[in-house]
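What follows is a set of notes on a single structure, which appears directly below.
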Amino acid sequence: MKADIAVVGSGLTALVATRTLQKAGRNPVLIWPGLSSLYFLYATVDVLGYMNATTAQPVEEPVTGVRQLIADNPDHPYARAGVAALQDGSNLLLDWLREAGFNWQGTLARNLLLPTATGTPKPTCLVPTSMLAGDLQRVEPIVFCGFDGYQDFIPELAAANLARGWNGGHRTVTAVRVSLPGVKPDRLFTSIDLARSFEDATFRRDVADRLRRTVKDDGARLGMPAVLGLTHDNDVHAEFEKETGHPVFEIPTVPPSVLGLRLFDRLRRHLQETGVEMIWAAPAHDAEVANGRCLRIHLKSAGREQPVEARAYILALEDAVDGAWRAGAHTVRDPFFHYVLAQHATPAERTDESLFQPQPFATIGYPVSDRLQPIDKNGSPLAANVFVAGGGIAGYDPTGIKARGGMAIATGYRAAQEAMAA
Amino acid sequence: MPDTSTGVVVIGGGSTGAGVLRDLTLRGIDAILVEKGDLASGTTGRSHGLLHSGGRYCVNDLAAAIECVEEGRILRRIARTTVEDTGGYFVSVSEEDEAWEPRFVEGCQKAGITCERIPVEEARRREPALSTHVRTVFWVPEDGHLDPFYLVVGNVESARRRGAQIRTYTEVIGFTRNGNRISGVLTRDAVTGEETSIGCQAVINATGAWSGFVARLLDVEVKVVPVKGVMVVLSRRLAHAAINRCHKPGDGDIVVPGLSVAILGTTAVKVPHPEVLPIEWNEVQLLIDEGAKMLDGVTTARAMRAYAGVRPLYDLGAEAEGREMSRNFAVIDHEERDGIAGFTSIVGGKVTTYRLMAERVTDLVARRLGVTTACTTAEVPLNDRDDEMDQLRHRPAQLGMPKPHGEELALQPLLCECELVRPQDVETWMKDPAVRTLEDIRRRTRSGMGPCQAAICSYRLAGRMVTDRGVDGRTATRAMADFLETRWRGVRHVFWGSQLRQAQVTAALHLELFNVDRQLQEYFPPPLGEGQGGGVPAEAVEAVGQP
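Here the protein sequences line up with chains H and L, keeping their order.
Under my numbering, the first residue of the first sequence is numbered 24, with each subsequent residue one higher.
Under my numbering, the first residue of the second sequence is numbered -3, with each subsequent residue one higher.
Spelled out as structure tokens, the structure:
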């Protein structure tokens, strides 16, 4: 098939790049390689939580932090993308979320501090409104609420950690559990099952009743696992707050993450409904290059190989999970040019001794030009009409600094700009 | 006066110590087992789980082979639920292997090992993954898979029901003596540091590769050579039966299917200390390369982790090296040899023959104590009761598999989806004071041993530490992180393909979604992990010296 600009990717990077092209009046085709596990892990847009991977001090103003980061590290992917791409991309995303029926809030000027499922305060930036009441800069007591037989959010663990860590232990944090109407604890049920159940008004009111009876503190806010609706989450959250008589905030659970499902399913569907062509579940595995330009890329779709020809290409994969690069025992290559991105004498070299430290493997990627083109050792683009966003960029490690969403937006937006100019 | 008294103190909570404890209690002798870590946390739990038919030893070590034959048959009777009757194949893939075949066949005959040569086509019909390199195949029906964790737990629980006590995380730091006779041991709790004395009439040193350290407390020498073996775990079984290379036992020549995985084994490298077990890349590579000569799919299967165990080879004084050394065992009567009455060591051997080792040492100690009751461990089954715990390993029937008659069971909630561990499987152990860490839970339930390597279940288990045990958030979070770190130590040696992608998911979940790295900083200022590697004091390494 022929296209104007082809975007390859399954995560926020690819969605932002595609939307940018769509809003600019271009005709993008989104090549979606399939469900990535990260799909289930996304919850909020983290822009910059910490200035480096080891400091304990959260960033208060993410946009200021990003400027500082760029000044300190001119090779950082944020520096390649630029602050303007982060700002314009975020505005584009927030507008898009509104248009697609989401209710999100946040500004690049301020981080929120939200409790995670382990009860750890975490700085994050753009969030669904259903999470907002969890902000730890507010002072009301928190009651974490769990359900009998539901293992993917443990209120007692969250409370035990937050009670001590939040404001020096000077705030009230407790945990309660209620049983769920009609749910047998000895039957397997997942977060998705629960999210569907919460769309049923009778079920929801019954749970609200049980919580109202259990929570004694009228002034407390309720921290719930993020299972308040799968598709009608705005209504479910608002109704549930009324029915319980408390502010309620959602907390991302272990996968499958309902927050991630809501976000990706609806944005992808919105793209389709507004006329963007998508090629489903088709990983790209080869690029044909001649005279310094990419002529076409080849997809593995069901039962056959499919070439896609475009004027420009955006490689917007998130990381190894969705195939930004592929690792053998010694050699790491990209899936398009089969270019050697890294070589290691032993696989263990790719890792730190501790899981909780920055991992060398996370930074693997293409060296890129100022225009986000993948370049060879001499600094020449592998193909002048190919642009990289997301985890394919060398040095792209959002984990320790908690910047996954922001880096996805900035590089996705910038790559789209460059692709349009190509 | 000692804090408590018993008949015999058994040191070591591996298969040998657990077997000795059970043997003692079956003979009516009061006993306490002390173990410095968890049960099966040393050699036993790190074995590959091959229940040896004896075929591996029948040429070079006939006595060991004969013991394997007999003990394998006994274990199938007394420890039914710990054995999976996979059978095994010995396969030749080279000319040298073919030269070994007549010796192998003769050895099997001498040792009484059932062995049948079958056509390669027939073997491939049964095991479609057999490599095209395979030239000759022998079917050895008495190879099997032995679940080492459950074997130890089965022995210990059987002994506990008969009045024995078990103290894990309890290290022996000294002995009390009455003249030349042992009158007790002094122990220290590894977590609290609390010291306790136990009075006794006899001590059995069943600490395997650690025997020398215990004996040294009494100024006597036990020469055990710790020999490291590295293994690689694949996420699928690849074969129904155990696959052995038909040649002189060497590196990377067995593939053991166990439950849902296959284990590639193993290497043999002398190490200075039983706790210094570095995993080298050339070992991992060798296991995969050699395994691929026998089975297709070894190179493309998902390698989940690598791990290292240590063999406690007893130095019989011969000039033998590593694998050349006998896998046989010896009872050391320190009363006769060193003039220390009431102290006996049991050294060497292997998991397959643990029961026989226990029988021999218990025979001697019982005789010294004037107990004439004969050993019955070859007849009395481990699971000589009928309650829930004995059913732990019968999970498929309880997990909602359709029953041929009657109602279909609903799919039950799982705490570990990879290994099908239910919340109630864990609940029992959360109540057991011997269980201290989430690794201990893993050893008993297999939670965290599947492809995701505890990414998901570690959170649920940390939650249960709070709800079931009432520990604080700091302890629970640390337990979760420690569990993940232990898994990580194995994962990082097979860090490519699917397992690399898995690690990225684990990091995204724990570091990004949960922000656990920052939670940990509260207790461990960065950089985390510095000074935590190894954990073996320098003097301990020095004390062993060069073997």
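Don't be surprised by glycine CBs; every beta carbon is placed ideally from N, CA and C.
The bridge partners DSSP lists for H/D309 are H/H321. Residues of chain L with a Cβ closer than 8 Å to the Cβ of H/I215 do not exist; the shortest Cβ-Cβ separation is about 14 Å. DSSP places L/M426 inside the alpha helix (DSSP H), whose first and last residues are P419 to M426.
Contact between the segment 145 to 165 of chain H and the segment 117 to 127 of chain H is established, with three or more Cβ pairs separated by less than 8 Å.
From the listed residues L/S443, L/G10 and L/E415, the smallest Cα separation to L/W425 is found for L/S443.
A distance below 6 Å between beta-carbons, with the five flanking residues on each side excluded, links L/D(-1) to the following residues of its chain, in chain order: T192 and S193.
Between the alpha carbons of L/R52 and L/P245 lies a gap of roughly 7 Å. The residue from H/W303, H/C317, H/W348 and H/G188 with its alpha-carbon nearest to that of H/G326 is H/W303. Distance between L/R418 and L/Q408, taken at the CA atoms: about 7 Å.
Chain L has a Cβ within less than 7 Å of the Cβ of H/R373. For H/P146 against H/P81, the beta-carbon gap comes to about 4 Å, under 8 Å, which counts as contact.
Neighbours of H/G172 across chain L, judged by C-beta separation under 9 Å: P409 and P419.
Restricting attention to L/H489, L/H330, L/G469 and L/Y165, the CA atom closest to the CA of H/D375 is found in L/H489. Along the length of the segment 21 to 83 of chain L, whole beta strand (DSSP E) runs at least 3 residues long occupy 27 to 30, reported in chain order. Taking L/A202 as reference, the option from L/S49, L/P308 and L/I114 with the minimal CA-CA separation is L/P308.
Using a CB distance below 7 Å, the part of the segment 125 to 147 of chain H facing chain L consists of T139, A140, T141, G142, T143 and K145, ordered along the chain.
Around the beta carbon of H/R233, 16 or more other beta carbons lie within 10 angstroms, which makes this residue buried. Under DSSP, L/L291 forms a beta bridge with L/L126. Interface with chain L (7 Å Cβ-Cβ cutoff): H/P100 is excluded. In terms of Cβ geometry, L/A297 and L/I275 do not form a close pair [threshold 7 Å].
Between H/V411 and H/Y436, the C-beta gap is not smaller than 7 Å, which leaves the two residues out of contact. In the structure shown, H/K265 falls within a helical segment according to DSSP collapsed to helix, strand and coil.
Interface residue (Cβ-Cβ distance to chain L less than 7 Å): H/I165 is not classified as such.
Residues of the segment 489 to 503 of chain L with a Cβ closer than 8 Å to any Cβ of chain H, in chain order: H489, V490, F491, W492, G493, L496, R497, A499, Q500, V501, T502 and A503. Under the DSSP definition of a beta bridge, H/L137 partners with H/K145. DSSP places L/T192 in the strand class (E or B) of the three-state scheme.
Straight-line spacing of the CA atoms in H/D342 and L/C412 works out to 26 Å. Assignment of L/C448 by DSSP, reduced to helix, strand and coil, places it in the coil class. One alpha carbon belongs to L/A238, the other to L/V55, and they sit about 19 Å apart.
Interface criterion not met: the Cβ of L/R438 is under 7 Å from no Cβ in chain H. Here the alpha carbons of H/T267 and H/A231 stand approximately 5 Å from one another. In the three-state reduction of the DSSP assignment, L/K224 falls in the strand class, which pools E and B.
Interface annotation, L/E481: in contact with chain H, CB-CB separation under 7 Å. When H/L131, H/L251 and H/S392 are compared, the shortest CA-CA separation from H/G169 is found for H/L251. Collapsing the DSSP output to three states places L/V367 in coil. When secondary structure is reduced to three states using DSSP, L/M300 falls in the strand class.
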